[in-house]
Amino acid sequence: MHSGAHGKSESKRPIRSKAPEWVKTRPEEISDKVVELARKGVSQSMIGMSLRDQYGIPLVRQSTGKKISQILKEHQIAPPLPQDLLDLVRRAIDLRRHLENNKKDLQAKHGLVRIESKIHRLSDYYVRQGVLPRDWKYVPEKMVLIVR
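Take 1 as the starting number for the sequence shown in the numbering used here and just add one per residue.
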């Protein structure tokens, strides 16, 4: 919405229902590696990147039949909020901390308004989808406790 981009012209992933033949890692090993990385505090997006770069696993969903978030939910180590919402909340918290010291930074204030509007739009979507409870509200003071 605010990115300045003019469309989606990037290349697309090939549509496949199963893992490529050259991937020799078993689904159980991939799930164990996902859980191990999550317990070390690695985010879901970084787990996917490290599996791709270090272990040669192109997509976890093709290899295991489950998303990384589903694997984490099965092992009860899923984060309290979805990854994209959590990242936006962290950015808003950092910007609020910056504004405490720099009250006249008008660009930062405008950036905070934009980030918080993204948080509200995304949280409304997750409430509609049933990922977040119906009474969930973004309260910056409470979010500091959840994120940290």
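All C-beta atoms, glycine included, are put in the ideal place defined by N, C-alpha and C.
### Rounded separation between glutamine 54 and glycine 130 - CA only
Reading the sequence shown from its first residue, position 54 is the one you call residue 54. Reading the sequence shown from its first residue, position 130 is the one you call residue 130. Cα atoms of glutamine 54 and glycine 130: separation of roughly 34 angstroms, rounded to the nearest angstrom.
#### Entry: Residue closest to arginine 134, alpha-carbon to alpha-carbon, out of Pro140, Tyr126, His75
Locating residue 134 in the sequence shown gives position 134, where the first residue counts as 1. Ranking Pro140, Tyr126, His75 by Cα distance to arginine 134 puts Tyr126 first.
### Query
If you draw a straight line from the alpha carbon of aspartate 94 to that of glutamate 21, how long is it in whole angstroms?
The count along the sequence shown starts at 1 and reaches residue 94 at position 94. The count along the sequence shown starts at 1 and reaches residue 21 at position 21. Their Cα atoms are separated by approximately 44 angstroms.
#### Entry: For glutamine 76, three-class secondary structure by DSSP
What you label residue 76 is simply residue 76 of the sequence shown in a count that begins at 1. DSSP places glutamine 76 in coil when its eight states are reduced to three.
### Message
Between alanine 92 and leucine 99, how many whole angstroms is the CB-CB distance? I'm expecting something under 8 angstroms.
### Response
In the sequence shown, residue 92 corresponds to position 92, counting from 1. In the sequence shown, residue 99 corresponds to position 99, counting from 1. Incorrect: roughly 10 angstroms between the Cβ atoms, too far for contact.
### Message
Taking the alpha carbon of serine 123 as the reference point, which residue from Ile71, Leu112, Lys137, Val35 has its own alpha carbon closest?
### Response
Numbered from its first residue, the sequence shown carries residue 123 at position 123. Minimum Cα distance to serine 123 is reached at Lys137.
### Message
Whole angstroms are fine: how far does the CA of proline 14 sit from the CA of glycine 41?
### Response
Position 41 of the sequence shown, counted from the start, is the residue given in the question as residue 41. Position 14 of the sequence shown, counted from the start, is the residue given in the question as residue 14. Rounded to whole angstroms, glycine 41 to proline 14 spans 31 angstroms at the Cα level.
#### Entry: Nearest residue (CA-CA) to isoleucine 146, options His110, Lys104, Val89
As a first step, residue 146 must be located in the sequence shown, where it is residue number 146. Selected option, being the one with the closest Cα: Val89.
### Message
Quick check: what's the CA-CA separation for leucine 112 versus arginine 96?
### Response
Counted from its first residue, the sequence shown places residue 112 at position 112. Counted from its first residue, the sequence shown places residue 96 at position 96. Just so you know, the alpha carbons of leucine 112 and arginine 96 end up roughly 7 angstroms apart.
### Query
Roughly how many angstroms lie between the CA atoms of serine 43 and proline 82, to the nearest whole one?
In the sequence shown, counting from the first residue as 1, residue 43 sits at position 43. In the sequence shown, counting from the first residue as 1, residue 82 sits at position 82. Roughly 11 angstroms separates the two Cα atoms.
### Task
For methionine 143, count neighbouring C-beta atoms within 10 Å of its own C-beta (all shown protein chains included) and say buried if the count is 16 or more, exposed if not.
For the purposes of this step, residue 143 is taken as residue 143 along the sequence shown, with counting starting at 1. Classification for methionine 143: buried.
### Query
Which two residues bound the contiguous alpha helix (DSSP H) that contains tyrosine 55?
Taking the sequence shown and counting its residues from 1, the one referred to as residue 55 is at position 55. DSSP places tyrosine 55 inside the alpha helix (DSSP H), whose first and last residues are 44 to 55.
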